[in-house]
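Residue numbers (the working numbering): 235 to 472. All C-beta atoms in this analysis are idealised placements derived from N, C-alpha and C, irrespective of residue type, glycine included. Quick caveat, the model's predicted, so the values are computed rather than measured. Below: the structure, in structure tokens.
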Ligand code: 13P
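In structure tokens form, the structure reads like this:
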């Protein structure tokens, strides 16, 4: 399974380094079977010499190798650190930073051409959830406009906007229903994100099509994040 942490706008370079080293040591000690991802702030990108099952990834990039895009980071700057996994479509970039579906599709095409793993995030806001599952699914499918779902290195994270950073987790039934519908059309691994914690992780990982989680707040504590990796190791999916 994929156990991923999204640091968002947290942690310095120094703290990131000690976090990655601690997680790495824990993975080795546990002989963990999980694929671990840590999406760090751009200022903390580095060559971490990770173990094979742990990859440090980028939360964002501008879809160019280099150029004149003041304040942005191109792929050349990611490649310097051997970055092989990126987040695209996170709700904070869609709704707070104003990235449109057309722009996200451009980022996606660019990352796909670079053959990196793409953790592509989708999810509905509260007002859509209140209209029921059909409205939720048509909202989510629109978030796949321009996205090549046959890409072999695609991972899809279902993150309902109303569950992100709010302490409100989607019910197991809601997660199951959305992942089931996504799995009808997608062959990519499916993750859930939105107020995942050590306490609710096990039941989420037991959801039929769930192949991992993308965690914000609760993962920023390295002990808790390592515990999540251990919980995932203990889950046997039939
Ligand atoms: P929280 O775990 O804080 O709800 O954040 C989820 C998220 O946005 C992961 O990308």
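Less than 7 Å separating the Cβ of residue i from some heavy atom of the ligand 13P?
i: residue 430; result: yes
i: residue 399; result: yes
i: residue 323; result: no
i: residue 451; result: yes
i: residue 448; result: yes
i: residue 393; result: yes
i: residue 294; result: no
i: residue 291; result: no
i: residue 240; result: yes
i: residue 301; result: no
i: residue 316; result: no
i: residue 308; result: no
i: residue 366; result: no
i: residue 427; result: yes
So, for residue i: in the same chain, excluding its five sequence neighbours on each side, which residues have a beta-carbon less than 6 Å away from its beta-carbon?
i: residue 276; result: 307
i: residue 415; result: 371
i: residue 426; result: 392, 409, 438, 444 and 447
i: residue 353; result: 321, 389 and 391
Let me check understanding here. Comparing Cα to Cα, which of the options lies closest to residue i?
i: residue 399; options: 453, 237 and 375; result: 453
i: residue 319; options: 359, 464 and 344; result: 344
i: residue 270; options: 296, 240 and 294; result: 240
i: residue 359; options: 450, 402, 444 and 417; result: 402
i: residue 410; options: 261, 385 and 371; result: 371
i: residue 392; options: 321, 334 and 348; result: 321
i: residue 309; options: 348, 266, 421 and 451; result: 348
i: residue 337; options: 381, 292, 247 and 395; result: 381
i: residue 273; options: 351, 267, 341 and 328; result: 351
i: residue 422; options: 384, 404, 428 and 412; result: 384
i: residue 278; options: 396, 427, 376 and 250; result: 250
i: residue 282; options: 363, 293, 316 and 268; result: 316
i: residue 242; options: 386, 456, 451 and 304; result: 451
i: residue 327; options: 355, 459 and 460; result: 355
DSSP three-state call for residue i: helix, strand or coil?
i: residue 332; result: coil
i: residue 309; result: helix
i: residue 356; result: strand
i: residue 273; result: strand
i: residue 243; result: coil
i: residue 400; result: coil
i: residue 326; result: helix
i: residue 445; result: strand
i: residue 318; result: coil
i: residue 279; result: coil
i: residue 213; result: An answer regarding residue 213 cannot be provided, because it is not within the stretch 235 to 472 covered by the chain.
i: residue 263; result: helix
i: residue 361; result: helix
i: residue 290; result: strand
i: residue 284; result: coil
Please work out which residues of its chain come closer than 8 Å, Cβ to Cβ, to residue i, disregarding the five sequence neighbours upstream and downstream, and give them in chain order.
i: residue 284; result: 254, 258 and 290
i: residue 439; result: 235, 446, 447, 465, 466, 469 and 471
i: residue 435; result: 447, 462, 465 and 466
Below 7 Å CB to CB, which residues in the same chain sit around residue i once its five sequence neighbours on both sides are set aside?
i: residue 424; result: 390, 392, 413, 416, 417, 443, 444 and 445
i: residue 267; result: 467
task = Please list the segments of the beta strand (DSSP E) lying wholly inside the stretch 369–393, counting only runs of 3 or more residues, in order along the chain.
result = Within the stretch 369–393, the complete beta strand (DSSP E) runs of at least 3 residues fall at 388–392.
ask   = Unbroken alpha helix (DSSP H) runs of length 4 or more, entirely within the stretch 403–442: which are they?
value = Runs of the alpha helix (DSSP H) inside the stretch 403–442: 406–419 and 432–439.
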